[in-house]
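With this note's numbering, you'll find the sequence shown wraps up at 693, consecutive numbering, no jumps. Every residue gets a Cβ at the ideal spot worked out from N, C-alpha and C, and that includes glycine.
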Amino acid sequence: MSVATTADGTSPLERLKAILAELADLQHAESLLDWDARVSMPSAGAEARANVSATLTRLMHERFVSDEVGELLEELGGLDDEDAVALVRVTRRAWERARRVPSGLAAELALARGIALAAWDKAKAASDFPSFAPHLERQLELKRRYLDCFPAGESSYDVLLDEYEEGMTTAEVQRVFDRLKEELVPLIEAHADTGDVVLRGPFPLAQQEAASRKILAAFGWDETSWRLDETPHPFASKPGVGDIRLTTHTEQDDLTSLFSTMHEFGHGVYEFDIDEAYARTPLGHGTSNGIHESQSRMWENLVGRSASFWRWFYPQLQPLFPTLADVDEERFVRAVSAIRPTLIRGDADEATYGLHIILRFELEQELLAGTVAVAELPEVWNARMKLYLGVDVPDDARGVLQDMHWADGLFGYFPTYQLGNVISVQIWERARADLGDLDEQFERGEFGSLREWLREHVYRHGSKYPPRELLRRVTGSELDPEPYLQYLRTKFA
Ligand code: ZN
């Protein structure tokens, strides 16, 4: 280390790490509050909780954007330790972004999120878009004020994308999505399955939970570190090292809970397997949303919808549900993989999913630009669902109100889901090339070698490498939609 120490014997790097550790602790507290709000808080507590979150956010923001952090970053040139260089790089990037935004606006954004999420919950339950519209207007107004903090001339949407996917641009997403649209629309038309492969419930909830837990045990669940709860919208969070919390959503009439569980496992295992040396630093979480989503989709789809996975698991699942008695394994696998255009993004199959994302990618840019007004949003949404997926949206709860993201102030976030699908197949191909016949292992219920490979090549690095560099290191290539398209063509041919 070439950096001088100060009179009290601490180096600038140690002082920076001490501040970042404090901020990581506050972030973990915020993450626990968020988990509680979504899993167990009585709904009337939403406004009070929004205030707590706004205060915490303001305190974290003030502490982080301080001149002291800036000076320490300035002093930390010429480092030769790889991890320290990465730490400074990631911290500087976040500091420069955060420093543009006044702490008051950061707190306003956090407060508005809490209030809008509670309003969205009610609006969705009643399928009442007009009651949510003012909150969406407010989110858009705040987002525009946020964007005003960044240099004019940069595409606003680039600024938002870059927050979730470092270095990604609107033009690159557009290029990938155009390519996907070109192939997906005819692929879906040719292979959409409206036949008899629908699984009919009821599937009792307790048995579904038991099945989820069996799968998690085989994937490498650790009783002392993980928990699983039930929420309307599944998610994963890590309020601290060694504390991984997944949620799933269970309905009587389908088995999507199993896929939600596998999906959230992918997010959880990525966080769980990060090198502990990065704990309480900005390197201690996944490097981007797209890479994160590539892991959830890998465990959900590439593992969880594979024939070899079900060769192992179907004999255990079938006896749990009398309604599966006359559904053989092949028919079951076809049913859980079938292309079937639906209203709900979260339930979408591997092929139609991309079109749900493309719709949101287009609409959120139009909302921010003001070319689509909030009042006309449901109408535009419904028309485009008809155009892309051929489905009629019966009500706003199953249309424009289905996702929490816009209430949560998340604009520029949706595209990372589909980038994750694309990246998942790129990484999957590399893993298969290295590991040989994974199908044979999956048929025996063995997932350890895949997980270990992912730990070694992806998970343990946390945020050390930017997403583009990680992808290059793992696969030797740039973001490329072709392997994903090839995978779909082969699967559905
Ligand atoms: Zn996910």
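Bounds of any beta strand (DSSP E) do not take in Trp421, whose DSSP letter is neither H nor E.
In this chain, the beta strand (DSSP E) harbouring Lys438 covers Ala436 to Gly440. Nearest Cα to Ala307 within the set Tyr665, Glu262, Glu296 and Ser327: Glu262. For Leu638, the enclosing alpha helix (DSSP H) covers residues Leu638 to Glu643. Short note on Tyr346: C-beta not closer than 8 Å to any heavy atom of ligand 1. In the DSSP assignment, Asp443 falls within the unbroken beta strand (DSSP E) covering Asp443 to Thr448.
Where Asn251 is concerned, the enclosing alpha helix (DSSP H) starts and stops at Ala246 to Phe264.
With respect to the 9 Å criterion, Ser537 and Glu550 are classified as neighbours on the basis of their beta carbons. Bridge pairing for Leu428: Leu446 [DSSP]. Between Ala607 and Arg345, the C-beta gap is not smaller than 9 Å, which leaves the two residues out of contact. In the DSSP assignment, Tyr659 falls outside any alpha helix (DSSP H) and carries neither an H nor an E.
Shortest Cα-Cα distance from Asn489 to any of Thr431, Ala573 and Leu361 involves Leu361.
A residue is listed when its beta-carbon falls short of 6 Å from at least one non-hydrogen atom of ligand 1; in chain order these are His463, His467, Glu493 and Ser496. Burial state of Gln495 is buried, judged by a 10 Å Cβ sphere holding 16 or more other Cβ atoms.
With contacts defined as CB atoms closer than 9 Å, His657 and Ile627 qualify as a contacting pair. When C-beta atoms of the stretch 549-564 are compared with those of the stretch 379-396, three or more pairs fall below 8 Å, so the two segments count as touching. For Asn621, the uninterrupted alpha helix (DSSP H) run begins and ends at Phe614 to Leu635, by DSSP. Of the residues assessed, Ile544 falls on the exposed side of the cut-off, its CB having fewer than 16 other CB atoms within 10 angstroms. Less than 9 Å divides the Cβ of Pro541 from the Cβ of Ile388. Secondary structure of Phe465 (DSSP, three-state): helix.
In terms of CA proximity to Phe465, Phe435 leads the group Arg249, Ala246, Phe435 and Glu423. Approximately 6 Å separates the beta-carbon atoms of Ser663 and Pro482; this is inside 8 Å, confirming the contact.
In this structure Lys324 is buried. Its beta-carbon is surrounded by 16 or more other beta-carbon atoms within 10 angstroms. Your pair Ser243 and Ala318 checks out as a contact, with CB atoms roughly 7 Å apart and the cut at 8 Å. Of the candidates Asp596, Thr675, Arg655 and Asp592, the residue whose Cα lies closest to the Cα of Ala633 is Thr675. Look at Pro519 here: in three-state DSSP terms it is helix.
Of all C-beta pairs linking the stretch 326-340 to the stretch 447-465, fewer than three are shorter than 8 Å, placing the two stretches out of contact.
Between the stretch 257-274 and the stretch 639-652 there are fewer than three C-beta pairs closer than 8 Å, too few to call the two in contact. Short of 6 Å from the beta carbon of Arg238, and not among the five residues preceding or following it, lie these beta carbons of its own chain, in chain order: Thr431. Annotation for Thr291: the continuous alpha helix (DSSP H) segment containing it runs Glu282 to Arg300. Pairing Val469 with Leu654 gives a Cβ-Cβ distance under 9 Å. Assignment of Gly486 by DSSP, reduced to helix, strand and coil, places it in the coil class.
Sequence-distant Cβ neighbours of Gly304 in its own chain, meaning closer than 7 Å and more than five residues away, do not exist here. With contacts defined as CB atoms closer than 9 Å, Leu336 and Val503 fail to qualify as a contacting pair. Between Leu226 and Leu259, the beta carbon gap of about 7 Å places them in contact (Cβ cut-off 8 Å).
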